[in-house]
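Input: a single structure, listed below in structure tokens.
Residue numbers (the working numbering): 26 to 443.
What follows is the structure, encoded as structure tokens:
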């Protein structure tokens, strides 16, 4: 028994001694293979910036194929590659970003230069795509209309099915059709942001059941917006007040209507504003420009009859109101208090005083909404309001006046003006 045990221990010692020798042999073989590959491939040993420059000189279709050559080229391809091509190459650029050849990378960028400008395409986390267009700096931006169909019921490829979040920046008349063609392939799209599209005058969006969020920022020539999205939950708009048609979005929860640049059309039409207010009256969180409610009574006369009769411009579900105003003078405070009376479930109020925001020319003490709230409001006080937060500069007298007026709609001990 003892001899067998000694033989077994000796055998294990020999085995352990042989293991480092085997590992060293394998390591040497790997090093030799790497050395052979390095000696044969001089280009792969060049610096990243030189390789990127090489890619920029190669035709686009050939440049994309380099990602299949080796791990080294894949690493370079993940950087912000600069390519030359035409506007017709844009779809292929986006397809290359969505190509799942690299399972480790979660952030890739390609800039494609074409005759009239360039596009920077960025993919993040496999589901979020950013397309940022840039003109050549000398183009005069032409006015254009834009129609987008989201979540189309058509067969889709594996590459396009992954995109759920899309950001479009600086799309113009020249690139509009190309972008529309690309977007039409994203059947699972849930969120869309459109920003800084110079020359865009009319925007028509029709979305399917998966679409949840729409953000429109700084499209300052935009005059008309049509949105058809039944399951829309979030709407954000920053810019001039356009003609805004929001057709039947009963699931809206969060809305930001930041019309800081004033009305985008003349004469001002209260019918359009009334339609928009009715479309967002059931939201839980609302950010809105205060000047909308300071329009003089004379401009509301054509809509007054319908409003008095309906008596349904009430924000019964509103929990949080963010109020943007250029000042908090007496007439502004009176308007705010009138609107607060239409929000019986309000819990949080944030007042953002921004002097750069549009100031309504009407400064009369008596406003349409003051008269309306006096007739329609179901409650005199806001029993659920527990926070009032003030942002921006406000003079001491105006701050005292604001606190005094807020007492009219809420308990003193519940008001905290900061």
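For each residue, glycine too, the CB sits at the ideal point set by N, CA and C. Quick caveat: nothing in here was measured; it's all calculated off a predicted structure.
To the nearest angstrom, report how far apart residue 154 and residue 254 are at their CA atoms. For the purposes of this step, residue 154 is taken as the residue at position 129 of the chain shown. For the purposes of this step, residue 254 is taken as the residue at position 229 of the chain shown. In a straight line, the C-alpha of residue 154 is about 21 Å away from that of residue 254.
Pairing CB atoms from the stretch 114-121 with CB atoms from the stretch 141-158, are three or more of them under 8 Å? yes
For my contact list, residue 343 and residue 370 are in at a C-beta cut-off of 8 Å; report their separation, rounded to the angstrom. Residue mapping note: residue 343 aligns to position 318 of the chain shown, counting from 1. Residue mapping note: residue 370 aligns to position 345 of the chain shown, counting from 1. 6 Å between Cβ atoms; contact.
Quick check: residue 200 and residue 158, are their CB atoms within less than 8 Å of each other? On the chain shown, position 175 is the one that residue 200 refers to. On the chain shown, position 133 is the one that residue 158 refers to. Yes, these two residues count as a Cβ contact at 8 Å.
With distances taken between CB atoms, is the gap from residue 418 to residue 360 smaller than 8 Å? As a working mapping, residue 418 is identified with position 393 in the chain shown. As a working mapping, residue 360 is identified with position 335 in the chain shown. Contact: no.
Which residues in the same chain have their Cβ closer than 6 Å to the Cβ of residue 250, if we skip the five residues on either side of it in sequence? In the chain shown, residue 250 corresponds to position 225, counting from 1. Cβ neighbours of residue 250 beyond the five flanking positions: 228, 267, 269.
Using only CA atoms, which one of 259, 106, 247, 307 lies nearest to residue 135? Here residue 135 is taken as the residue at index 110 of the chain shown, counted from 1. For the residues 259, 106, 247, 307, the minimum Cα distance to residue 135 belongs to 106.
Can you check whether the CB of residue 190 is closer than 8 Å to the CB of residue 215? Numbered from 1 along the chain shown, position 190 holds the residue referred to as residue 215. Numbered from 1 along the chain shown, position 165 holds the residue referred to as residue 190. Cβ distance < 8 Å, so residue 215 and residue 190 count as in contact.
Contiguous alpha helix (DSSP H) assignments of at least 4 residues, all confined to the stretch 341-414: 355-365, 393-401
From which residue to which residue does the alpha helix (DSSP H) around residue 119 run? Looking up residue 119 in the chain shown gives position 94. Residue 119 -> alpha helix (DSSP H) spans 115-123.
Cβ distance (whole Å) where residue 434 is taken to contact residue 365 below 8 Å: Sequence index remark: in the chain shown, residue 434 carries index 409 (1-based). Sequence index remark: in the chain shown, residue 365 carries index 340 (1-based). 5 Å between Cβ atoms; contact.
Given residue 196, which residues of its chain have a CB within under 7 Å of its CB, disregarding the five upstream and five downstream residues? For the purposes of this step, residue 196 is identified with residue 171 of the chain shown, where counting begins at 1. Excluding sequence neighbours, residue 196 sits near 158, 204, 222.
Exposure label - residue 376; buried when at least 16 CB within 10 Å: The residue given as residue 376 occupies position 351 in the chain shown. Residue 376 comes out buried.
Tell me the rounded alpha-carbon separation between residue 149 and residue 423. Along the chain shown, read from residue 1 onward, the residue named residue 149 stands at position 124. Along the chain shown, read from residue 1 onward, the residue named residue 423 stands at position 398. Looking at the two C-alpha atoms, the distance is approximately 46 Å.
Can a CB atom of chain D be found closer than 8 Å to the CB of residue 218? The structure shown contains no chain D; it is built from a single protein chain.
Should residue 382 go down as buried or exposed, given a rule of 16 or more other Cβ atoms within 10 Å for buried? For the purposes of this step, residue 382 is taken as residue 357 along the chain shown, with counting starting at 1. Flag for residue 382 reads buried.
Whole-angstrom distance between residue 403 and residue 339, CA atom to CA atom: Your numbering for residue 339 matches position 314 in the chain shown. Your numbering for residue 403 matches position 378 in the chain shown. One C-alpha to the other measures close to 10 Å.
Presumed contact (8 Å Cβ cut-off) between residue 208 and residue 175, rounded CB distance: Reading the chain shown from its first residue, position 183 is the one you call residue 208. Reading the chain shown from its first residue, position 150 is the one you call residue 175. At roughly 7 Å, the Cβ-Cβ gap stays under 8 Å, so residue 208 and residue 175 are in contact.
Counting only runs that start and end within the stretch 237-268, where is the beta strand (DSSP E) found for 3 or more residues in a row? 238-242, 249-253, 259-263
Grab me the residues of residue 300's own chain with a C-beta within less than 6 Å of its C-beta, minus the 5 sequence neighbours each way, in chain order. Taking the chain shown and counting its residues from 1, one reaches residue 300 at position 275. If we look at residue 300 and ignore the five residues flanking it on each side, it has no Cβ neighbours.
Where residue 355 and residue 429 are concerned, what is the direct C-alpha to C-alpha distance, given to the nearest angstrom? Taking the chain shown and counting its residues from 1, one reaches residue 355 at position 330. Taking the chain shown and counting its residues from 1, one reaches residue 429 at position 404. Using only the alpha carbons, I get a separation of about 11 Å.
Just the C-alpha distance for residue 137 and residue 353, rounded to the nearest angstrom, thanks. One-based indexing of the chain shown puts residue 137 at position 112. One-based indexing of the chain shown puts residue 353 at position 328. Going from the Cα of residue 137 to the Cα of residue 353 covers about 48 Å.
Residue 405 classed as buried or exposed, judged by whether at least 16 other C-beta atoms fall within 10 angstroms: By 1-based counting over the chain shown, the position of residue 405 is 380. By the neighbour-count rule (16 or more Cβ atoms within 10 Å), residue 405 is not buried but exposed.
Pull up the CB-CB distance for residue 416 and residue 362, whole angstroms please, since I reckon it's below 8 Å. Here residue 416 corresponds to residue number 391 of the chain shown, with the count starting at 1. Here residue 362 corresponds to residue number 337 of the chain shown, with the count starting at 1. Not really, about 18 Å apart at Cβ, beyond 8 Å.
Under the rule that 16 or more other beta-carbon atoms within 10 Å means buried, what is residue 114, buried or exposed? Taking the chain shown and counting its residues from 1, one reaches residue 114 at position 89. Residue 114 is buried by the Cβ-count criterion.
CB-CB under 8 Å to residue 206, same chain, minus the five flanking residues each way: which ones, in chain order? In the chain shown, the residue the question calls residue 206 occupies position 181. So the list reads 116, once near-sequence residues are dropped.
Opposite residue 134 in the DSSP bridges: which residues? The sequence position of residue 134 within the chain shown is 109, counting from 1. The partner list for residue 134 (beta bridge, DSSP) reads 147.
8 Å contact criterion, which residue 238 and residue 258 should meet: CB distance rounded: Within the chain shown, the letter at position 213 stands for residue 238. Within the chain shown, the letter at position 233 stands for residue 258. So it is a contact: roughly 7 Å between Cβ atoms.
Can you pull the DSSP bridge partners for residue 194? Translated into positions along the chain shown, residue 194 becomes position 169. Answer is 157, 220, bridged to residue 194.
Simplified DSSP assignment, three categories, for residue 205: Counting from one through the chain shown, the residue named residue 205 turns up at place 180. Looking at residue 205 - three-state DSSP - the assignment turns out to be helix.
Label residue 264 either buried or exposed according to how many other C-beta atoms from any shown protein chain fall within 10 Å of its C-beta, with 16 as the threshold for buried. As a first step, residue 264 is located in the chain shown; it is residue number 239 there, counting from the start. So residue 264 ends up on the buried side.
CB-CB under 6 Å to residue 220, same chain, minus the five flanking residues each way: which ones, in chain order? Here residue 220 corresponds to residue number 195 of the chain shown, with the count starting at 1. These residues qualify, in order along the chain: 194, 242, 243.
Could you say which of 400, 396, 373, 385 lies nearest to residue 414 if we only look at CA atoms? Taking the chain shown and counting its residues from 1, the one referred to as residue 414 is at position 389. The residue with the shortest Cα to Cα distance from residue 414 is 373.
For residue 109, the first and last residue of its enclosing beta strand (DSSP E): Counting from one through the chain shown, the residue named residue 109 turns up at place 84. Counting along the chain, the beta strand (DSSP E) containing residue 109 begins and ends at 106-109.
Endpoints, alpha helix (DSSP H) assigned at residue 423: Taking the chain shown and counting its residues from 1, the one referred to as residue 423 is at position 398. Element bounds for residue 423: 421-431.
Residue 313 - DSSP class collapsed to helix/strand/coil: As a first step, residue 313 is located in the chain shown; it is residue number 288 there, counting from the start. Residue 313 falls in the strand class under three-state DSSP.
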